[in-house]
Each structure stands twice: as C-alpha cells, then as structure tokens.
Amino acid sequence: MAWSISSLLGFLTGSSVVSASPANGLSDNEESYRVSRKAVADVALKTWLEKTDSGFGTDDLPTIALTHSGGGYRSLLSSAGVVQGLDARDSDVSTSGLYQAITYQAGLSGGSWFLSSLAGNNYPTVSWLRDNL
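Sequence positions in the sequence shown follow mature numbering (1 follows the signal peptide of the UniProt record, and there is no 0) and run -20 to -1, 1 to 113.
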C-alpha cells in the first residue's frame, strides 16, 4: 500500500485538506536567539580551544550542537556523563568548558529524558540533578 505525507496528515487530522508552510530560513525569534547565543558560544569555544592548546584558529568558529541518543535508561546515564564531562561548572578535565560553547541540543527517548530534566530545572549541573532529584 502506497502512502504519502498528505494522506497521513489527512488521516491524522480527519481532513482531506492539508496545508504546509514553506521553510525558507529561520523564524525571527530563532534568528535572534542564534545571533545572541553565537556571541556567547564563540567566547566559550575560543576559551576552550586556547585552554586545550589545540592550534585551531579562532577567527571563524562553527556553531556546535549536541545530540543525546535513544536507548532508555542507559542513554539517560551516558548523556549525563557526557554533559558532566563537558560542563566547566561540574568537572575539571580537558573537555570541561566545551558544553558552554554549545548552541543547540536535541534528544531522543532516553536522551530526551535527560535533556528534559536539564531544561525543566533551568540547566543545572549534572551533580545538582543527581543530588536534588
């Protein structure tokens, strides 16, 4: 049986009329966030690159995203370990500080359990989550 996104949306909404908006760039709110976050993230990334003596140039820095995979409880725990190791507020290892340079995060399944715990508590440290939830 063949299906299309239109037929699926019609089935889900109970309508035979489907409308979609073209995605021609970022919304004004997203663009505003991206520009303001980029300034903060670039300072953090430049600081981290200099701390690690990486030898990478710091004139044109990338936008960094972090994803947390699915996998239930194991994913939740491994995501917490990764963030704790990257967060300058919560660890003092060579990777500490890279978390402050991240602009976007996304999670699936167990990774989203962890990410929603962070977001729902205003992005505390992993140690704070461990001790207070």
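C-beta: ideal position from N, C-alpha, C; glycine also.
query	result
Is it the case that the Cβ atoms of GLY68 and GLY61 are separated by a distance below 7 Å?	Note on residue identity: the sequence assigns Ala, not Gly, to residue 68. Contact flag unset, no.
Could you compute how far the alpha carbon of ALA24 sits from the alpha carbon of PRO2?	34 Å
Taking buried to mean at least 16 other C-beta atoms within 10 Å of its own C-beta, is GLY37 buried or exposed?	exposed
Taking C-alpha atoms, which residue in ALA(-1), THR83, SER59 and ASN102 lies nearest to THR43?	THR83
With a CB to CB cut of under 8 Å and the five nearest residues on each side skipped, what residues in its chain are close to GLY65?	SER71, VAL73, THR75 and SER76
Along the alpha helix (DSSP H) that carries LEU95, what are the first and last residues, could you check?	90 to 100
Can you check whether the CB of LEU46 is closer than 7 Å to the CB of ASP22?	no
Would you report the Cα separation of LEU29 and ARG17, rounded to the nearest angstrom?	18 Å
Return the CA-CA distance between SER34 and ALA(-1), expressed in angstroms with no decimal places.	45 Å
If you follow the alpha helix (DSSP H) that LEU41 is part of, which residue opens it and which one closes it?	Here LEU41 belongs to no alpha helix (DSSP H), and DSSP marks it neither H nor E.
Please name the residue in LEU98, ASP8 and GLY90 whose C-alpha comes closest to that of TYR53.	GLY90
Run through the DSSP bridge pairs and tell me what ALA86 is partnered with.	THR47
Among residues of its own chain, excluding the 5 on either side of LEU6, which ones have a beta-carbon nearer than 8 Å to its beta-carbon?	ARG14
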